[in-house]
Amino acid sequence: MSSSDVKRRAVLGLLAGAPLLLGGCGFRSALTTRPGAGGTDSNLTLVEHVYVHHITYRDGSGSERTVHDLYNALVDRFGEPERPAFSLRSSYERRSWSSGVSMTDRSSRWTVQGTLAFSLFALNQEGQAPPRLLFQGQEVSWSSFDRMDSPFSDRIAEREMDRQIALRLADQVFNRVVAWIARANEGRG
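Each residue of the sequence shown is one higher than the one before, starting from 1 at the first, in this note's numbering.
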């Protein structure tokens, strides 16, 4: 056998034995459930049972396109559960301002800030009790772009910036919910 075959077999052996080694030291995935946790099936993860409600505008701010992108990004991360155990409700606020001025007193740079306030509720599977608030939080993301002499180019750049903000906010909220679920399950395990 050549030395590359020996190395390849050693790596494959290590990869095959890694779950056994990790299981032996008490490692558990942060996303898996315990039987009956939250009224869900034990073979599914709790994160898969989060239902994303529509997103409201705070103070009438924000564009429909951005909120639609944000909703789609959250659904991409959480999925669309058949039997939701949790409800994620959120509210979006958008602010924008000039962050650079040229020598001709023209705005040369534009900054947009997106703020998403969210609440995670536990849903009663039997429908006999109202949703119970588990935790709430707020995530902020912002982005900037250089303005050009073309209104069309500025609009396209602003739309892309809004889309990037929506994707980042969805990632941040997903990570916060996953972390909360993992911490909540530590006490039950």
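We treat Cβ as the ideally placed atom computed from N, Cα and C, and that holds for glycine. Treat the numbers as computed from the prediction; the structure is a model and nothing was measured.
Which runs of the alpha helix (DSSP H) fall wholly inside the stretch 63-124 and span at least 4 residues, in chain order? If only complete runs of 4 or more residues are kept, the stretch 63-124 shows the alpha helix (DSSP H) at 64-78, in order along the chain.
Just to confirm, are Arg89 and Ser63 a CB contact at a threshold of 8 Å? At a Cβ-Cβ threshold of 8 Å, Arg89 and Ser63 do not count as neighbours.
Helix, strand or coil, according to DSSP, for Asp146 in the structure here? When DSSP states are grouped into helix, strand and coil, Asp146 belongs to the strand group.
Using 10 angstroms around the beta-carbon of Pro84, count the other beta-carbons present and answer buried if the total reaches 16, otherwise exposed. Counting Cβ neighbours within 10 Å, Pro84 comes out buried, since at least 16 surround it.
Run through DSSP, which three-state label would Arg168 get? Helix, per DSSP.
Whole-Å CB distance - Ile165 paired with Gly114, under 8 Å assumed: A Cβ-Cβ separation of about 4 Å places Ile165 in contact with Gly114 under the 8 Å criterion.
Exposure label - Leu116; buried when at least 16 CB within 10 Å: Buried: at least 16 other Cβ atoms inside 10 Å.
Across the stretch 44-55 and the stretch 135-146, are there enough close Cβ pairs to call them in contact, namely three or more that are closer than 8 Å? Output reads no: the stretch 135-146 does not touch the stretch 44-55.
Less than 6 Å between C-beta atoms, sequence neighbours within five positions excluded: which residues of the same chain meet that for Val52? So the qualifying residues of the chain are Leu74, Val75, Phe78 and Leu88.
Between the CA atoms of Phe174 and Arg95 - distance to the nearest angstrom: Rounded to whole angstroms, the separation of the alpha carbons of Phe174 and Arg95 is 22 Å.
For Trp97, which of Phe152, Gln128 and Asp146 has the nearest alpha-carbon? Trp97 has its Cα closest to that of Asp146, out of Phe152, Gln128 and Asp146.
Would you list the residues sitting across from Ser141 in a DSSP beta bridge? According to DSSP, Ser141 shares a beta bridge with Gly114.
Under 8 Å, do Tyr92 and Arg58 count as touching if we go by C-beta distance? Cβ distance < 8 Å, so Tyr92 and Arg58 count as in contact.
I need the DSSP call for Arg132, collapsed to helix, strand or coil. Looking at Arg132 - three-state DSSP - the assignment turns out to be strand.
His53 lies in the beta strand (DSSP E); which residues open and close that run? For His53, the enclosing beta strand (DSSP E) has its first and last residue at Val50 to Tyr57.
Beta-carbon gap between Pro131 and Ala122 smaller than 8 Å: Taking the C-beta atoms as reference points, Ala122 is found nearer than 8 Å to Pro131.
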